[in-house]
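J.:
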Amino acid sequence: MRDSLGDRIMVTFIYMFLILLSVSTLYPFLNAIVISLNEGLDTSKGGITLWPREFTWENYSVVFQDERLMSGFFVSVLRTVIGTVTAILATAIFSYGMSRRELMGRKYYMIICIITMYFGGGLIPTFLLIRELGLMNSFWVYIIPSLISVWNMIIFRTFFQGLPAGLEESAKIDGCGNWGTLFRVVLPLSGPVIATLALFTAVGHWNEWFLASIYISDEKLLPIQTILKQILASNIVSEQTASMDAAALAHLQKAKTITSKSLSMATMMVATLPIVLVYPFVQKYFVKGVLVGSLKE
Amino acid sequence: MAQLSVNKSVDPPSLRDRRKNGFLRFVRQLDLQLMVIPALVLIFVFSYIPMYGILIAFQDYKIGRSFTGSPWVGMKHFITFFQSPEFGIVMKNTIMISLLKFFIGFPAPILLALMLNEVRKMVFKRVVQTITYLPHFMSWVILGGIVGSMLATDNGSVNMLLERLNLIDEPINFLSLPEYFWSILITTNVWKEIGFGSIVYLAAIAGVDPNTYEAASIDGASRFRQIYLITLPSIMPVVSIFMILAIGNLLSAGFEDILVLAVNPALRDVSDVLDTYVIRVGINNYRYSYATAVGLFKAVISVGLLTIANYVARKSGNSLW
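Top line first, the protein sequences correspond to chains A and B.
Using our numbering, the letters of the first sequence map in sequence onto residues 1 to 297.
Using our numbering, the letters of the second sequence map in sequence onto residues 298 to 618.
1) Report the rounded CA-to-CA distance for Arg184 (chain A) versus Gly191 (chain A), giving the unit in angstroms.
2) What's the C-alpha gap between Ala212 (chain A) and Ile14 (chain A)?
3) Could you work out which residues of chain A lie near Asp328 (chain B), taking near to mean beta carbons separated by less than 9 angstroms?
4) Candidates A:Ile19, A:Gly6, A:Pro28, A:Leu197: which alpha carbon is nearest Thr485 (chain B)'s?
5) Using DSSP's beta-bridge definition, name the partner residues of Gln356 (chain B).
6) For Leu199 (chain A), tell me which candidate among A:Val141, A:Gly122, A:Pro274 has the shortest Cα-Cα distance.
7) According to DSSP, which residues form a beta bridge with Phe55 (chain A)?
8) If you draw a straight line from the alpha carbon of Ile346 (chain B) to that of Tyr587 (chain B), how long is it in whole angstroms?
9) Going along chain B, which residues have a C-beta under 7 angstroms from Thr49 (chain A)?
10) For Phe384 (chain B), which residues in the same chain have their Cβ closer than 8 angstroms to its Cβ, ignoring the five residues on either side in sequence?
11) List the residues of chain B whose Cβ lies closer than 7 angstroms to the Cβ of Ile258 (chain A), in chain order.
12) Going by Cα to Cα distance, which pick from B:Thr528, B:Phe493, B:Gly494 is closest to Thr509 (chain B)?
13) Output the distance between the C-alpha atoms of Val609 (chain B) and Pro530 (chain B), rounded to the nearest integer angstrom.
14) Checking contacts by CB at 8 angstroms: is Gln161 (chain A) closer than that to chain B?
15) DSSP on Leu462 (chain B), reduced to helix/strand/coil?
16) In terms of residues, what are the limits of the alpha helix (DSSP H) holding Met388 (chain B)?
17) Run down chain A in chain order and give the residues with a C-beta less than 7 angstroms from the C-beta of Gly350 (chain B).
18) Hey, Ile469 (chain B) and Asn452 (chain B): beta-carbon distance below 8 angstroms or not?
19) Residues of chain A with CB under 8 angstroms from Met658 (chain B), in chain order?
20) Within its chain, find whatever has a CB closer than 6 angstroms to the CB of Lys595 (chain B); leave out the 5 residues flanking it on each side and keep chain order.
21) Could you have a look at Met447 (chain B) and say whether DSSP puts it in helix, strand or coil?
22) Nearest chain A C-beta to Thr589 (chain B) closer than 8 angstroms, yes or no?
23) When the Cβ atoms of the stretch 431 to 442 of chain B are set against those of the stretch 260 to 277 of chain A, are three or more pairs found closer than 8 angstroms?
24) So with Cβ pairs under 8 angstroms, would you call Trp369 (chain B) a contact of chain A?
25) With 16 as the cutoff for other CB atoms within 10 Å, does Gly350 (chain B) come out buried or exposed?
26) Who are the Cβ neighbours of Gln300 (chain B) in its own chain at under 8 angstroms, not counting the five residues just before and after it?
27) Under the three-state reduction of DSSP, which class applies to Glu168 (chain A): helix, strand or coil?
28) In chain order, what residues of the same chain lie with their CB nearer than 8 angstroms to the CB of Ile300 (chain A), ignoring the 5 residues before and after it?
29) Restricting to Cα atoms, I'd like to know which of A:Asn152, A:Ile19, A:Val23, A:Thr56 is closest to Ser262 (chain A).
30) Can you check whether the C-beta of Trp209 (chain A) is within less than 8 angstroms of a C-beta belonging to chain B?
31) What residue does the alpha helix (DSSP H) around His433 (chain B) start on, and which one ends it?
32) Of all the residues that make up the stretch 217 to 236 of chain A, which are near chain B by a beta-carbon distance shorter than 7 angstroms?
33) Round the Cβ separation of Phe434 (chain B) and Val282 (chain A) to the nearest angstrom and send it over; I've been treating them as touching at under 8 angstroms.
34) Which residues in chain A have a C-beta closer than 7 angstroms to the C-beta of Trp479 (chain B)? List them in chain order.
35) Unbroken beta strand (DSSP E) runs of length 3 or more, entirely within the stretch 89 to 128 of chain A: which are they?
36) Give the secondary structure of Val278 (chain A) by DSSP, where H, G and I count as helix, E and B as strand, and everything else as coil.
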């Protein structure tokens with residue numbers, strides 16, 4: 001059956017809108033990449049859109065020689081790797097316990113968890129607690145408070161409860177305790193759910209910058225996102241001078257062709273690269289993850 | 298009553314015996330309990346102690362004291378906030394930005410899902426999805442930097458385009474002019490989340506029986522009428538659940554976007570919302586009790602909004618709890 005004229009107009013409009021949306025989503029990223037690969041002084045003459053006019057790696061070489069940025073990159077990698085591994089492990093153990101019917105007090109434990117999804121202490125009491133615990137200016141502030149996620153626990157638990165009961169029974173008969181069953185039978189079967197939750201946790205860790213900015217004042221412990229935020233903020237206020245450290249400023253003077261704009265674009269690309277690298281995997285798993293999550297809502 | 302007496306006759310051990318049995322059972326499943334107790338301790342420390350810490354909203358908190366060790370002052374901080382000159386500005390911005398985000402940001406992913414559903418070329422659909430999901434995974438710092446670069450006066454692409462089209466004579470410094478801020482904030486938000494937000498609605502649409510469309514099209518319904526009469530009604534339950542959640546979060550519509558986009562102090566009168574105000578007076582000015590009071594005020598309104606939204610939804614048959 002052929003579409004009527006009205007339908008064809010509607011479909012054409014939809015295609016045009018979707019193309020426009022895609023272009024306006026992709027263009028800013030492509031433009032930022034191109035600016036980061038173009039000579040800074042040349043960029044400030046204007047007119048750079050989707051192709052570099054004076055191609056150079058110089059902006060990146062300055063970024064990679066900046067000690068502050070590289071230490072930030074290292075902190076980000078470290079907190080993402082350690083934070084994700086420990087959080088997934090801790091939450092998986094917790095969830096397995098919560099998935100066992102024979103667990104005494106299970107109902108009360110669950111209520112304790114659910115309440116935290118609706119109520120919280122808010123920013124200031126949490127901030128004061130972190131300070132009392134001596135976690136200010138400590139790397140562990142990235143790891144310990146986010147070890148257990150109630151949200152992920154519920155997703156894990158639902159998955160564990162969906163596994164065939166016979167598997168665990170046979171593991172028990174073969175002499176596995178609860179811990180042995182979890183590590184030898186249940187977790188090896190949980191690949192997809194672990195991948196989904198790990199990717200979400202990792203992306204969250206990599207992108208987190210606000211809490212780091214209030215809990216950490218020691219520059220050596222700041223993640224790259226927070227450092228980037230400081231650089232960009234000072235760029236917007238005074239568009240000329242970036243708040244780079246002395247070493248980077250020396251580089252700036254040596255290479256007069258580098259501007260704060262081309263430099264911040266290059267830094268942004270470095271800070272985004274890991275996300276872009278995992279994005280294909282994220283795509284594969286996250287639709288499933290989002291749907292599992294929303295079922296629980 | 299009958300049930301109770303039956304229970305009694307089946308369950309002769311005394312209370313003390315049962316307690317002893319319970320303790321024995323607990324010890325016997327200690328390995329299982331050890332899986333959950335450390336996590337519960339963490340939840341207690343990082344979620345419940347801060348809740349208890351809300352009490353400092355009613356005190357003059359002194360650094361180093363416990364959460365109840367400072368002098369009580371009743372509603373003093375709330376009254377100070379209500380009478381402060383910032384109250385009007387902060388409330389106006391919070392309400393307006395939240396409402397704009399809700400009325401534009403909530404329907405946008407639904408519209409996108411409906412449009413994507415009309416696309417018959419699967420490759421095209423997948424490419425659009427892949428591209429529009431991407432900004433969701435970027436941090437607000439990166440997006441703020443990219444928006445800043447797009448809108449910059451020195452060769453930002455937006456100013457370049459507007460000049461090329463002869464719409465403006467001189468570049469506009471968008472991120473320093475209050476009149477543009479809300480539009481920029483809302484547009485950026487929609488741009489970031491429209492694709493990702495459409496996933497749940499696409500899944501709901503996928504659950505519609507294709508025969509319904511076939512029958513409607515044989516009866517002569519245009520595609521537009523099919524969307525209106527079949528697709529929309531069948532995703533309404535999902536829409537209403539997400540709407541309730543969105544209303545509950547109305548006041549906490551994010552502050553990272555404001556922190557990265559409203560760097561220029563000239564924007565404070567249009568960008569200061571409850572969350573950013575709490576950060577400024579609490580973290581930067583050390584007025585802990587006052588900031589906690591403002592945060593509590595926001596939480597109370599949020600719970601109220603959620604309750605009202607759920608009540609309305611229950612009347613229409615789609616409630617959250």
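Glycine included, C-beta positions come from ideal geometry on N, C-alpha and C.
T.: In short, the structure shows the following:
1) Looking at the backbone, the Cα of Arg184 (chain A) and that of Gly191 (chain A) are separated by about 13 angstroms.
2) C-alpha of Ala212 (chain A) to C-alpha of Ile14 (chain A): approximately 42 angstroms in a straight line.
3) Under the 9 angstroms cutoff, chain A gives Gly177, Asn178, Trp179.
4) Nearest C-alpha to Thr485 (chain B): A:Pro28.
5) In the DSSP assignment, Gln356 (chain B) is bridged to B:Trp369.
6) Here the closest residue by C-alpha is A:Pro274.
7) In the DSSP output, where bridge partners are listed per residue, Phe55 (chain A) has A:Asn38.
8) Note on geometry: alpha-carbon atoms of Ile346 (chain B) and Tyr587 (chain B) lie some 19 angstroms from one another.
9) Correct list: Ser454.
10) Counting only Cβ-Cβ distances below 8 angstroms, and skipping sequence neighbours, we find Phe378.
11) Listed along chain B is no residue with a C-beta nearer than 7 angstroms to that of Ile258 (chain A); the closest approach is about 15 angstroms.
12) Of B:Thr528, B:Phe493, B:Gly494, the smallest CA-CA separation from Thr509 (chain B) is found for B:Thr528.
13) Approximately 18 angstroms, taken between the alpha carbons.
14) By this cut-off, Gln161 (chain A) is not an interface position.
15) DSSP places Leu462 (chain B) in coil when its eight states are reduced to three.
16) For Met388 (chain B), the uninterrupted alpha helix (DSSP H) run begins and ends at 382 to 397, by DSSP.
17) Per Cβ cutoff of 7 angstroms: Gly121, Pro125, Leu128, Leu129.
18) It is not a contact, given that the beta carbons lie outside the stated cut-off.
19) Outside the displayed range of chain B (298 to 618) lies residue 658 (chain B), so it cannot be described from this structure.
20) The residues are Leu548, Leu571.
21) Residue state, collapsed to three classes: helix.
22) Output row for Thr589 (chain B): interface = yes.
23) Flag = yes, the stretch 431 to 442 of chain B and the stretch 260 to 277 of chain A touch.
24) No - not a single Cβ of chain A is within 8 angstroms of the one on Trp369 (chain B).
25) Answer is buried; the Cβ neighbour count reaches 16.
26) Low local confidence applies: a pLDDT of 44 at Gln300 (chain B) is under 50, so the model's placement there is unreliable, and no value is given.
27) In the displayed model, Glu168 (chain A) falls within a helix according to three-state DSSP.
28) Outside the modelled stretch of chain A, which goes from 1 to 297, sits residue 300 (chain A), for which no answer is possible.
29) When each option's Cα is compared against that of Ser262 (chain A), the closest is A:Thr56.
30) Chain B has a Cβ within less than 8 angstroms of the Cβ of Trp209 (chain A).
31) Segment: none, His433 (chain B) is in no alpha helix (DSSP H) and carries neither H nor E.
32) Residues passing the 7 angstroms Cβ filter: Gln225, Leu228, Lys229, Leu232, Ala233, Ile236.
33) Going by Cβ atoms, the distance from Phe434 (chain B) to Val282 (chain A) rounds to 6 angstroms, so yes, they are a contact pair.
34) For Trp479 (chain B), none of the residues of chain A pass the 7 angstroms Cβ criterion, the least Cβ distance being about 18 angstroms.
35) You should have found no qualifying run.
36) Helix at Val278 (chain A).
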